[in-house]
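Numbering (my numbering), first residue to last: 26 to 156.
If you want it as structure tokens, here you go:
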């Protein structure tokens with residue numbers, strides 16, 4: 026069972042309806058959720074492809090940086106912008122690194138995002154081991 030990078034999801038929260046952002050993104054990403062949560066609005070996106078942490082975050086940043094002016098204003102109203110990086114834990118290798126370059130961190134910051142790390146137990150994403 027190897028520790029491995031799984032995917033990065035993009036999660037938003039805003040006092041405003043996020044539908045226009047979803048409409049601009051929906052051809053390029055999986056829309057996990059878009060709707061009201063209490064008195065807030067939330068949206069969550071995943072990727073169709075497998076990549077690296079850097080390529081996945083850069084993919085989202087390209088979408089963000091190409092939003093229309095009205096959707097960019099809506100983006101700027103978000104109170105939570107999380108790049109949620111998911112890993113599956115394993116018992117090998119003994120230690121495992123997943124660096125994120127300064128360039129990628131700068132793009133996250135430029136787009137007002139935070140990094141969230143989610144570590145899933147082995148078996149949630151990988152295929153079931155055979156006996």
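A virtual CB, placed ideally from N, CA and C, is assigned to each residue, including glycine.
Would a check of beta-carbon distances place residue 64 closer than 7 Å to chain B?
No chain B appears in this structure, which consists of one protein chain only.
Quick one: what does DSSP say residue 103 is sitting in, helix, strand or coil?
coil
Leaving out five residues before and five after residue 27 in sequence, what residues of the same chain have Cβ atoms less than 6 Å from its Cβ?
115, 117
What separation, rounded to the nearest whole angstrom, lies between the Cα atoms of residue 36 and residue 54?
12 Å
Is DSSP giving residue 150 helix, strand or coil here?
In the structure shown, the three-state DSSP call for residue 150 is coil.
Report the residue ranges of all alpha helix (DSSP H) runs contained in full by the stretch 64 to 111; include only those spanning at least 4 residues, in chain order.
78 to 90, 94 to 101
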